[in-house]
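Student: Residue numbers (numbering that gives the first Met the number 0): 0 to 207.
Where a beta carbon is used, it is the ideal one built from N, C-alpha and C, also for glycine.
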Amino acid sequence: MPRITASTMREHRANVRATLIDTAEHIMRTDGSHALTAGAVTAAVGIARNSIYRYVDSVDDLRALVLERHLPSWLNAVNEAVTRAHTPAEQIDAWCRSNLEQAATTGHGWLMNITKNTPLTDGTRQAVAHAHRNTQDMLLTAWQHLTADDTQAQIGAELTRSMVDAGFRLLDRGMPAEHVITATLNATSRLHSSWPTPQHTQDQSVAP
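#1: Using the three-state DSSP reduction, which class does V40 fall into: helix, strand or coil?
#2: With 16 as the cutoff for other CB atoms within 10 Å, does H107 come out buried or exposed?
#3: Less than 8 Å between the C-beta atoms of Q101 and W142, yes or no?
#4: Under 8 Å by Cβ, that's how I've got I26 and L19 pegged, so tell me the actual separation to the nearest angstrom.
#5: If R83 sits next to A76, beta carbons under 8 Å apart, how far is it from one beta carbon to the other, in whole angstroms?
#6: My understanding is that L190 touches T146, with C-beta atoms under 8 Å, so please give their C-beta distance in whole angstroms.
#7: When the Cα of R9 is compared with those of G38, A37, I46, Y54, which residue comes out closest?
#8: Could you give the distance in angstroms between the alpha-carbon of P87 and the alpha-carbon of N98?
#9: Could you pull out every unbroken alpha helix (DSSP H) segment of at least 4 residues lying fully inside the stretch 149-188, listed in chain order?
#10: Please look up how many angstroms separate the CB atoms of L70 and V163, rounded, as I've assumed it's under 8 Å.
#11: Measuring CB to CB, does W109 end up less than 8 Å from R28?
#12: Only counting the same chain, and skipping five residues up and downstream in sequence, which positions put a Cβ closer than 7 Å to that of H129?
#13: Measuring straight from C-alpha to C-alpha, what distance separates T196 and Q90?
#14: Output needed for I51: all residues of its chain with C-beta closer than 7 Å, excluding positions within five of it in sequence on either side, in chain order.
#15: Using 10 angstroms around the beta-carbon of Q203, count the other beta-carbons present and answer buried if the total reaches 16, otherwise exposed.
#16: Counting C-beta neighbours from all protein chains within 10 Å, is the total for A63 16 or more, i.e. buried, or is it exposed?
#17: Suppose the cutoff is 7 Å on Cβ atoms and the five residues either side in sequence are ignored; what does the same chain contact list for S188 look like?
#18: Would D60 be called buried (16 or more neighbouring beta carbons within 10 Å of its own) or exposed?
#19: In three-state DSSP terms, what is V127?
#20: Helix, strand or coil for Q203, going by three-state DSSP, please let me know.
#21: Tell me whether D21 sits in a helix, a strand or coil according to DSSP, three-state version.
Listed below in structure tokens is the structure:
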């Protein structure tokens with residue numbers, strides 16, 4: 000057991016738990032989710048291997064705790080950016096920029112691998128699903144306001160997501176974030192700025 004330096008046992012346990020989560024995140028960022036083992040974590044922290052189970056139930060719990068650390072802040076950043084935007088076009092741009100900025104800051108590939116490769120608890124899995132659905136709904140709503148047509152909005156939202164997904168992959172490969180974000184926003188802005196608006200569509204339908 001690590002030497003107790005905190006004023007209370009509760010504070011000590013919280014400190015050790017936080018250190019375990021920090022270490023787990025470092026290992027997964029550096030070497031991938033598969034490299035996270037009880038031995039790797041305890042060796043880095045400097046505690047006996049069996050001591051880890053005083054603070055978490057399993058290594059998979061550590062993976063979930065790392066995910067839960069980043070998920071709310073990512074979602075909040077996207078939500079705040081979209082909320083501050085005034086027009087549907089600005090909301091689409093804000094959605095794209097904020098997601099890419101979060102991916103550049105937090106990392107994307109290693110974080111998404113946790114959701115794919117870790118047997119999460121029902122609560123965590125539901126939280127992940129809710130967060131994903133919430134961010135996708137923000138984008139779709141912006142497109143619905145832009146086009147006033149559900150089919151067109153779904154097409155626009157899907158095309159936008161594909162461009163941002165390409166940006167995620169470029170960031171995961173180590174491309175400069177500033178260049179990736181600028182190029183992706185240029186592409187998505189051209190997409191929605193060239194999209195027929197309801198008024199434009201109506202004008203075309205009544206043209207002789």
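Tutor: Let me spell this out:
#1: Three-state DSSP puts V40 in a helix.
#2: The residue in question, H107, is buried, as its Cβ has 16 or more Cβ neighbours within 10 Å.
#3: Note that the C-beta distance between Q101 and W142 is not below 8 Å.
#4: Their Cβ separation, rounded to whole angstroms, is 11 Å, which puts I26 and L19 out of contact at 8 Å.
#5: Not really, about 11 Å apart at Cβ, beyond 8 Å.
#6: Going by Cβ atoms, the distance from L190 to T146 rounds to 12 Å, so no, they are not a contact pair.
#7: Nearest option by C-alpha distance: Y54.
#8: Spanning the two alpha carbons is a distance of roughly 17 Å.
#9: Entirely contained in the stretch 149-188, the alpha helix (DSSP H) runs reaching 4 residues are, in chain order, 149-171.
#10: About 17 Å; that fails the 8 Å criterion.
#11: For the 8 Å CB-CB criterion, W109 and R28 form a contact.
#12: For H129, where only same-chain residues beyond five positions count, there are no Cβ hits under 7 Å.
#13: Annotation: T196 to Q90 spans about 16 Å, alpha carbon to alpha carbon.
#14: Answer for I51: L19, A37, V40, T41, listed in chain order.
#15: Residue placement at Q203 is poorly supported in this model, since its pLDDT is 42, which falls under 50; the coordinates still yield a value, given next. Its Cβ having fewer than 16 others within 10 Å, Q203 is exposed.
#16: Counting Cβ neighbours within 10 Å, A63 comes out buried, since at least 16 surround it.
#17: Here the set comprises D92.
#18: Taking a 10 Å sphere around the C-beta of D60, we find 16 or more other C-beta atoms and assign the residue as buried.
#19: Helix, per DSSP.
#20: Reliability fails at Q203, whose pLDDT of 42 lies under 50, so the model's placement of it is uncertain and the value that follows must be treated cautiously. Helix, per DSSP.
#21: Of the three classes helix, strand and coil, the one that applies to D21 here is helix, per DSSP.
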